[in-house]
Amino acid sequence: MRPGTASRNWTPGDVRGTGTRRRHPLNPRIGLQMPEDEMTQVAHTPPQAATELTAAELGDLMQSVMETAERLQSTHDALQNQVLRLERELAEANAQLHRSRELASLGEMAAGIAHEIRNPLASIQLYAEVLSEDLAALPPQAELCRKIDRSVRRMDAIVRDVLQFARESTVRIEPMAARELMHGVVAECGAPDRVRVSVTTDRDIFVDASLMMQAIGNIVRNGLESMESEGGDASLEITVGEQRLRRPDGTLQEFTVFRIEDRGCGISASDQERLFNPFFTTRASGTGLGLAIAHRVVDAHDGHIQVSDRAGGGTSFEVRVPAQIDPDVITSGDGGTHI
621 MRPGTASRNW TPGDVRGTGT RRRHPLNPRI GLQMPEDEMT QVAHTPPQAA TELTAAELGD
681 LMQSVMETAE RLQSTHDALQ NQVLRLEREL AEANAQLHRS RELASLGEMA AGIAHEIRNP
741 LASIQLYAEV LSEDLAALPP QAELCRKIDR SVRRMDAIVR DVLQFAREST VRIEPMAARE
801 LMHGVVAECG APDRVRVSVT TDRDIFVDAS LMMQAIGNIV RNGLESMESE GGDASLEITV
861 GEQRLRRPDG TLQEFTVFRI EDRGCGISAS DQERLFNPFF TTRASGTGLG LAIAHRVVDA
921 HDGHIQVSDR AGGGTSFEVR VPAQIDPDVI TSGDGGTHI
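Residue numbers (the working numbering): 621 to 959.
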């Protein structure tokens, strides 16, 4: 209503000649309070404000729908990743169960082998040593006795490897200095003068010292044997340090890395895929269990082994174990993880 315009109730009888149009002919009792020119103006005014509000609300609604769709897609992707991870874990668990059953059978067989073969081997070795002493004045015959002794020792080592691989071991994680661990590895490798070690970390590592020494020692001996087949007097190099690396599942973690590099004949890509399979070997001698045992030990430490060609020839092994560990995992006494 314009300023200065009086407001009153208009009855049907008052409408005539006033210039005001009656709006409710079906109910003449309804009073009209707006002059005709103002009602005409309101009737012809476009509903711009209402249109703009509807567009804004529609935009908000579409934005909400899009955000909801994005959240649903993100949730779907996360669930799909979880399903894939669980499927991988299930496959690994089934493979581990299958291997455990195989190892149980192998353990029974190995126990029988140990009982039936090791005792006769000990007797043969003893007789060979006695004959070698008795035949000291006859060098050719004495050399034959020494060959018998070496062969017997080799057979005993094969039986020992089979027993060791089949036997269930308990992993007891304890902190120790990396230098101390490597000192033990070098002392047991059989050729300490051909091994060079460089340790770049002063922090303790968390491992089962006996098992990890055995695992790394098996890799070192494998490298030394590979270099012997190539001839020469090249040294095998071991470096120990810490690196932040990506795990097979894609997560980043701090690792203690033992890098063992030899200058041997190298390993083909097809052989690298089978390198840690039990009884797989590329040499005429050897049980093919040394690297399989190393893989089991490292896996029990929640680590893994990376194999690659060494620049300039040879092979590089990287043994990676977590640099830090939950204190609850450190055990003593009869506790520990069984492998």
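Every residue, glycine too, gets a C-beta built ideally from N, C-alpha and C. Keep in mind that this is a model prediction, so the values were computed, not measured.
In this structure, does DSSP put aspartate 919 in helix, strand or coil?
Locating residue 919 in the sequence shown gives position 299, where the first residue counts as 1. Helix, per DSSP.
Which of the three DSSP states is assigned to arginine 814 in this structure?
Along the sequence shown, read from residue 1 onward, the residue named residue 814 stands at position 194. Residue state, collapsed to three classes: helix.
Measuring straight from C-alpha to C-alpha, what distance separates histidine 803 and aspartate 882?
Taking the sequence shown and counting its residues from 1, one reaches residue 803 at position 183. Taking the sequence shown and counting its residues from 1, one reaches residue 882 at position 262. In a straight line, the C-alpha of histidine 803 is about 18 Å away from that of aspartate 882.
If you compare alpha carbons, which of Tyr747, Glu749, Pro760 and Ile778 is closest to isoleucine 733?
As a first step, residue 733 must be located in the sequence shown, where it is residue number 113. Here the closest residue by C-alpha is Ile778.
Check each candidate in Glu712, Ser855, Asp869 and Arg894 and name the one with the smallest Cα separation from isoleucine 880.
The residue labelled residue 880 in the question sits at position 260 within the sequence shown. Nearest of Glu712, Ser855, Asp869 and Arg894 to isoleucine 880, Cα basis: Ser855.
In terms of alpha-carbon separation, which member of Gly933, Leu911, Gly884 and Gln873 lies closest to arginine 894?
Position 274 of the sequence shown, counted from the first residue, corresponds to residue 894. That would be Leu911, whose Cα lies nearest to the Cα of arginine 894.
Give the single residue among Leu865, Asn838, Ala920 and His921 whose Cα lies nearest to the Cα of glycine 906.
As a working note, residue 906 is residue 286 in the sequence shown. When only C-alpha atoms are compared, the closest one is Asn838.
Whole-number beta carbon distance between threonine 876 and threonine 821, since they are thought to touch under 8 Å:
Taking the first residue of the sequence shown as position 1, residue 821 is located at position 201. Taking the first residue of the sequence shown as position 1, residue 876 is located at position 256. Going by Cβ atoms, the distance from threonine 821 to threonine 876 rounds to 7 Å, so yes, they are a contact pair.
Cα-Cα, which of Leu678, Asp754, Glu938 and Asp853 is closest to glutamine 863?
Here residue 863 refers to the residue found at position 243 of the sequence shown. Comparing Cα-Cα distances from glutamine 863 to each of Leu678, Asp754, Glu938 and Asp853, the minimum goes to Glu938.
Beta-bridge partners of alanine 711, as assigned by DSSP:
For this step, residue 711 is matched to residue 91 along the sequence shown. Note: alanine 711 is not bridge-paired with any residue in the DSSP secondary-structure output.
C-alpha gap between proline 942 and isoleucine 793, whole angstroms
Within the sequence shown, residue 942 is the residue found at index 322, counting from 1. Within the sequence shown, residue 793 is the residue found at index 173, counting from 1. Each residue's alpha carbon lies about 12 Å from the other.
By how many angstroms is the C-alpha of alanine 829 removed from the C-alpha of serine 789?
Taking the sequence shown and counting its residues from 1, one reaches residue 789 at position 169. Taking the sequence shown and counting its residues from 1, one reaches residue 829 at position 209. Answer to the nearest angstrom: the Cα atoms are 13 Å apart.
Please state whether DSSP places aspartate 891 in a helix, a strand or coil.
Counted from its first residue, the sequence shown places residue 891 at position 271. The answer is helix: DSSP assigns aspartate 891 an H, G or I state.
Any idea what DSSP makes of arginine 773, helix, strand or coil?
As a working note, residue 773 is residue 153 in the sequence shown. Arginine 773: helix per DSSP, three-state reduction.
Test item: CB-CB of threonine 902 and glycine 843 under 9 Å:
Walking along the sequence shown from the start, residue 902 turns up at place 282. Walking along the sequence shown from the start, residue 843 turns up at place 223. The answer is no: Cβ separation not under 9 Å.
If we ignore side chains and look at the alpha-carbon of each, how far apart do glycine 651 and alanine 676 end up?
As a first step, residue 651 must be located in the sequence shown, where it is residue number 31. As a first step, residue 676 must be located in the sequence shown, where it is residue number 56. Only weak support is given to the placement of glycine 651: the predicted model assigns it a pLDDT of 49, under 50, and the value that follows is read from those uncertain coordinates. If you take the alpha carbons of glycine 651 and alanine 676, they lie about 37 Å apart.
Beta strand (DSSP E) containing histidine 924: first to last residue?
The residue labelled residue 924 in the question sits at position 304 within the sequence shown. For histidine 924, the enclosing beta strand (DSSP E) starts and ends at 924 to 929.
Report yes if the C-beta distance between glycine 884 and serine 849 is below 9 Å; otherwise report no.
Residue mapping note: residue 884 aligns to position 264 of the sequence shown, counting from 1. Residue mapping note: residue 849 aligns to position 229 of the sequence shown, counting from 1. In contact: glycine 884 and serine 849 (Cβ atoms closer than 9 Å).
Methionine 833 - DSSP class collapsed to helix/strand/coil
Position 213 of the sequence shown, counting from 1, holds the residue named residue 833. Helix.
Taking the beta carbon of methionine 729 as the centre, do at least 16 other beta carbons fall within 10 Å, making it buried, or is it exposed?
In the sequence shown, the residue the question calls residue 729 occupies position 109. That one is exposed.
Report the rounded CA-to-CA distance for isoleucine 737 versus histidine 915, giving the unit in angstroms.
Your numbering for residue 737 matches position 117 in the sequence shown. Your numbering for residue 915 matches position 295 in the sequence shown. Whole-angstrom Cα-Cα distance: 27 Å.
Spatial neighbours of leucine 831 within its chain, please: C-beta separation below 7 Å, excluding the five flanking residues on both sides.
Numbered from its first residue, the sequence shown carries residue 831 at position 211. If we look at leucine 831 and ignore the five residues flanking it on each side, its Cβ neighbours are Ser789, Val791 and Val917.
Check glutamate 788 in the structure and name its three-state DSSP category.
Within the sequence shown, the letter at position 168 stands for residue 788. Here glutamate 788 sits in coil by DSSP.
I'd like the span of the beta strand (DSSP E) that includes glutamate 881, first residue to last.
Translated into the one-based positions of the sequence shown, residue 881 becomes position 261. Judged by DSSP secondary structure, glutamate 881 falls within the beta strand (DSSP E) whose first and last residues are 872 to 881.
Taking leucine 856 as part of the beta strand (DSSP E), name the residues at either end of that continuous run.
Translated into the one-based positions of the sequence shown, residue 856 becomes position 236. That run of the beta strand (DSSP E) goes 856 to 866.
By how many angstroms is the C-alpha of histidine 921 removed from the C-alpha of aspartate 824?
The residue you call residue 824 lines up with position 204 of the sequence shown. The residue you call residue 921 lines up with position 301 of the sequence shown. Distance between the alpha carbons of aspartate 824 and histidine 921 is about 15 Å.
Boundaries (first-last residue) of the beta strand (DSSP E) holding isoleucine 744:
Stepping through the sequence shown from its first residue, residue 744 is reached at position 124. From DSSP, isoleucine 744 is part of no beta strand (DSSP E) but of the alpha helix (DSSP H) over 739 to 754.
With 16 as the cutoff for other CB atoms within 10 Å, does arginine 816 come out buried or exposed?
Within the sequence shown, numbered from 1, the residue matching residue 816 stands at position 196. Arginine 816 should be labelled exposed.
Alanine 734 - containing alpha helix (DSSP H), residue span
Here residue 734 corresponds to residue number 114 of the sequence shown, with the count starting at 1. Where alanine 734 is concerned, there is no enclosing alpha helix (DSSP H), given that its DSSP letter is neither H nor E.
Quick one: measure Cβ to Cβ for alanine 762 and serine 752, integer angstroms, because I've assumed they're closer than 8 Å.
Translated into positions along the sequence shown, residue 762 becomes position 142. Translated into positions along the sequence shown, residue 752 becomes position 132. Between alanine 762 and serine 752 the beta-carbon gap is near 5 Å, inside 8 Å, which marks them as a contact.
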